[in-house]
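Here the structure is laid out as structure tokens; the discussion comes afterwards.
2 protein chains.
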Amino acid sequence: MTAADPAHLPAGSARRSPGRPDLPAGSARRSPGRPDLPAGSARPHVLAVAGSDPSGAAGLHADLRTLFSLGVHGMGVVSAVTAQNSVAVSGIWALPAAAVRGQLDAVLSDVRVDAVKTGMLASAQIVADVAEVLAGPVAAGIPLVVDPVGVASTGRSLVEPAAVGALVTDLLRLATVVTPNLDEVQQLTGVAVGDSPEVRAADLRRAADAMLALGPRWALVKGGHLPPDEDALDLLSDGTSVLELRSPRLPARHTRGTGCTLASAVAAHLARGLDVPAAVRAAKAYVTGAIAGGYGIGAGPGPVDQGWQGAGGAGR
Amino acid sequence: MTAADPAHLPAGSARRSPGRPDLPAGSARRSPGRPDLPAGSARPHVLAVAGSDPSGAAGLHADLRTLFSLGVHGMGVVSAVTAQNSVAVSGIWALPAAAVRGQLDAVLSDVRVDAVKTGMLASAQIVADVAEVLAGPVAAGIPLVVDPVGVASTGRSLVEPAAVGALVTDLLRLATVVTPNLDEVQQLTGVAVGDSPEVRAADLRRAADAMLALGPRWALVKGGHLPPDEDALDLLSDGTSVLELRSPRLPARHTRGTGCTLASAVAAHLARGLDVPAAVRAAKAYVTGAIAGGYGIGAGPGPVDQGWQGAGGAGR
Chain W
10 MTAADPAHLP AGSARRSPGR PDLPAGSARR SPGRPDLPAG SARPHVLAVA
60 GSDPSGAAGL HADLRTLFSL GVHGMGVVSA VTAQNSVAVS GIWALPAAAV
110 RGQLDAVLSD VRVDAVKTGM LASAQIVADV AEVLAGPVAA GIPLVVDPVG
160 VASTGRSLVE PAAVGALVTD LLRLATVVTP NLDEVQQLTG VAVGDSPEVR
210 AADLRRAADA MLALGPRWAL VKGGHLPPDE DALDLLSDGT SVLELRSPRL
260 PARHTRGTGC TLASAVAAHL ARGLDVPAAV RAAKAYVTGA IAGGYGIGAG
310 PGPVDQGWQG AGGAGR
Chain X
10 MTAADPAHLP AGSARRSPGR PDLPAGSARR SPGRPDLPAG SARPHVLAVA
60 GSDPSGAAGL HADLRTLFSL GVHGMGVVSA VTAQNSVAVS GIWALPAAAV
110 RGQLDAVLSD VRVDAVKTGM LASAQIVADV AEVLAGPVAA GIPLVVDPVG
160 VASTGRSLVE PAAVGALVTD LLRLATVVTP NLDEVQQLTG VAVGDSPEVR
210 AADLRRAADA MLALGPRWAL VKGGHLPPDE DALDLLSDGT SVLELRSPRL
260 PARHTRGTGC TLASAVAAHL ARGLDVPAAV RAAKAYVTGA IAGGYGIGAG
310 PGPVDQGWQG AGGAGR
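Chains W and X supply the protein sequences, listed in that same order.
What the first sequence shows, in our numbering, is residues 10 to 325, in sequence order.
What the second sequence shows, in our numbering, is residues 10 to 325, in sequence order.
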């Protein structure tokens, strides 16, 4: 690991933030759509704020593979380190809030960021700091995708209880898109989605509305946890436009990292200039392929394959 | 980020270590060459132990992109989190030794590991723990690539002074390959390589011999920091076979992550079954392309491009 050495820079170039020397002047800070950049310009930059999973299935690893596959430069602020494998979570170490802020500041003071995705934010202080630091970039038009990670599917909470409250009070109002599953909808809003097919679509709308009341511009409610006898049904809504996204339910065993992959793919496509519905559709198609390509690595469920399109993937 | 849920596993499959349900019985723990696996079998698994760089240029990010590009499942134990960007390192937070050990145990108790690569190990205790945990896998034939990261090129030490001593006493004797640059050779052995071309090759042999005296099976001494008027010259030696590896010195500005990428590529190719000289040659070719594809992201030098081979990549 080699850190940059300012002494190696040509004179005068040591601090030229936040522009890029290889881009024409004036193009350094753009709205996320990037319509003003000629084809072939430098790749978009996407920042993930996430926990790490040493077995490489979920969290930061899934985020980075997704961003790389979709042709963007992926960056990653570590909010927590977990010890986990395909069977269980055996340890969680939240980073000090100062370390999370230090990482964010290091990136934002030097690198143009075209979209941000947040995942596991282990403590209320980390949520509050992330929200405070991102308020400026979001106000400047940088899209923010919030994956409101709470409880692991093993039942172990990945975040302290107060962190859930801080998501509601501090972060969700900044989000361009929030991507809860049904458990997270219930945790954040109290709205439960019923199991019976006839109430499902209406319940999903109610869930999306409850999420939108917390302030994000769009809510993508993932119905993947509904009974397995039907297609998977997700609902994307901004309160006016409501899209039902159906996909065939795959008989997949290796699905770890699905949520991280979807949220990162949405961020990647937003950074590439798609609008929210188009970015979500593209991300859904990508994650469906990744689930189909999932592979085992241990005794339990393995990761989805972010490289199913080939290492280059869409847009490279 | 979704953790695995044992409740979703079919009865009886919850703990079947370390085999893979999709591999024939008896193939779960193999020597790294994998000659016993039929073509088309599951991808190799490589574990990196590294620091993280939030700007996504060096450390764990570079490792994971390299492993992904070379068609192996990459895993990552976080040993330290840094705040850095293309200009400077502004903060370092070493993980508690228990967190490093917890991550290692989570991976090794569940996932077959075909090669290990270590990078930034921030404290003597972390080095000692990593060495203790890896002693068994190394004795069982799992190759270990040690990138003896010490001082950042900014001049800021990335590890505590005692960690350098622990590398020497605890870890290097386990290494299949150690990949120091000339600064690291001097730090670890006291041997300085001269700047004048006529003494260079002989000095590199002396440097490699000094490294081999610390116990690794092979030493790859990277001469990249020699005066820029000549080809880059690296030397690979096990004390008997000595290979001089020349490559054209590229006029590259964006070279962050070069060392991480090289060491991870060596580990990936060892996990794929190449012997050390072949793995090093393949890794050198890969990193040379990555350097040529390097791209700017901030005011200072940017990362090399691990995706330069585009879709497919070596071995995918």
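Even for Gly, the Cβ is constructed at its ideal location relative to N, Cα and C.
Secondary structure in the stretch 163-241 of chain X: the alpha helix (DSSP H) runs of 4 residues or longer, each lying completely within the stretch, are 170-175, 191-198 and 206-221 in chain order.
When DSSP states are grouped into helix, strand and coil, Ala97 of chain X belongs to the coil group.
In the three-state DSSP reduction, Thr75 of chain W falls in the helix class (H, G or I). Contacts with chain W (Cβ-Cβ distance below 7 Å) from the stretch 81-101 of chain X involve His82, Gly83, Met84, Gly85, Val86, Val87, Val90, Ala92, Gln93, Asn94, Ser95, Val96, Ala97, Val98, Ser99 and Gly100, listed in chain order. Taking C-alpha positions only, Gly80 of chain W is separated from Ala274 of chain W by approximately 10 Å. Taking a beta-carbon distance threshold of 8 Å, Asp114 of chain W counts as an interface residue toward chain X.
Residue range Ala124 to Thr127 is occupied by the beta strand (DSSP E) that includes Thr127 of chain W.
Assignment of beta-bridge partners to Arg265 of chain W by DSSP yields W:Pro312. Rounded to the nearest whole angstrom, the C-alpha separation of Leu252 of chain X and Val98 of chain X is 35 Å. Three or more beta-carbon pairs separated by less than 8 Å are not found between the stretch 99-119 of chain W and the stretch 67-79 of chain X, which leaves the two stretches without contact. Closer than 8 Å at the C-beta level to chain X, one finds these residues of the stretch 288-308 of chain W: Tyr304, Gly305, Ile306, Gly307 and Ala308.
Taking 8 Å as the Cβ-Cβ cut-off, the stretch 182-206 of chain W has no residue approaching chain X. Here Val187 of chain W is near Val155 of chain W, since their CB atoms are less than 8 Å apart. In the displayed model, Val251 of chain X falls within a strand according to three-state DSSP. With respect to chain X, the C-beta atom of Ala108 of chain W has a partner C-beta closer than 8 Å. Among the CB atoms of chain X, none fall inside 8 Å of the CB of Gly233 of chain W. Contact annotation: Leu197 of chain X and Pro157 of chain X have beta-carbon atoms nearer than 8 Å.
Residue nearest to Arg165 of chain W within the set W:Trp227, W:Gly266, W:Ala299 and W:Thr91 is W:Thr91 (criterion: CA-CA distance). Annotation for Ile306 of chain W: Ser64, Gly65, Ala66, Ser95 and Pro312 place their beta carbon closer than 8 Å to its own, counting only its chain and skipping 5 residues before and after.
With respect to the 8 Å criterion, Val55 of chain W and Ala276 of chain W are classified as neighbours on the basis of their beta carbons. Using beta-carbon distances, His54 of chain W counts as an interface residue toward chain X, with a partner under 8 Å.
By the rule that beta-carbons nearer than 8 Å mark a contact, Ala51 of chain X touches chain W. Here the C-alpha atom of Ala89 of chain X lies approximately 15 Å from the C-alpha atom of Pro170 of chain X.
Here Asp62 of chain X carries a coil assignment [DSSP, helix/strand/coil].
For Val136 of chain X, the uninterrupted alpha helix (DSSP H) run begins and ends at Ala133 to Ala148, by DSSP. For the stretch 64-79 of chain W, the set of positions with a beta-carbon nearer than 7 Å to some beta-carbon of chain X reads Ser64, Gly65, Ala67, Gly68, His70, Leu73, Arg74 and Phe77 in chain order.
Counted as a single uninterrupted DSSP element, the stretch harbouring Val116 of chain W is not any beta strand (DSSP E) but the alpha helix (DSSP H) occupying residues Ala106 to Leu117.
Setting aside the 5 residues that flank it on each side, Lys126 of chain X is surrounded in the same chain by Ala57, Val154, Ala272, Ser273 and Ala276, each with a C-beta closer than 6 Å to its C-beta; the list follows chain order.
Under DSSP, the beta-bridge partners assigned to Gly85 of chain W are W:Ala57.
Counting C-beta pairs with one atom in each stretch, the stretch 221-230 of chain X and the stretch 177-195 of chain X have three or more that are closer than 8 Å, which means they touch.
Taking 8 Å as the cut-off, the beta carbon of Thr185 of chain W is found closer than this to the beta carbon of Arg226 of chain W. Under the criterion of beta carbons closer than 8 Å, Leu223 of chain W and Val177 of chain W qualify as touching, at roughly 6 Å. In the DSSP assignment, Val285 of chain X falls within the unbroken alpha helix (DSSP H) covering Val285 to Ala301. Interface flag for Val120 of chain X against chain W is set, since a Cβ pair is found closer than 8 Å. The beta-carbon distance between Ala291 of chain X and His278 of chain X, rounded to whole angstroms, is 5 Å. This is short enough to meet the 8 Å contact definition.
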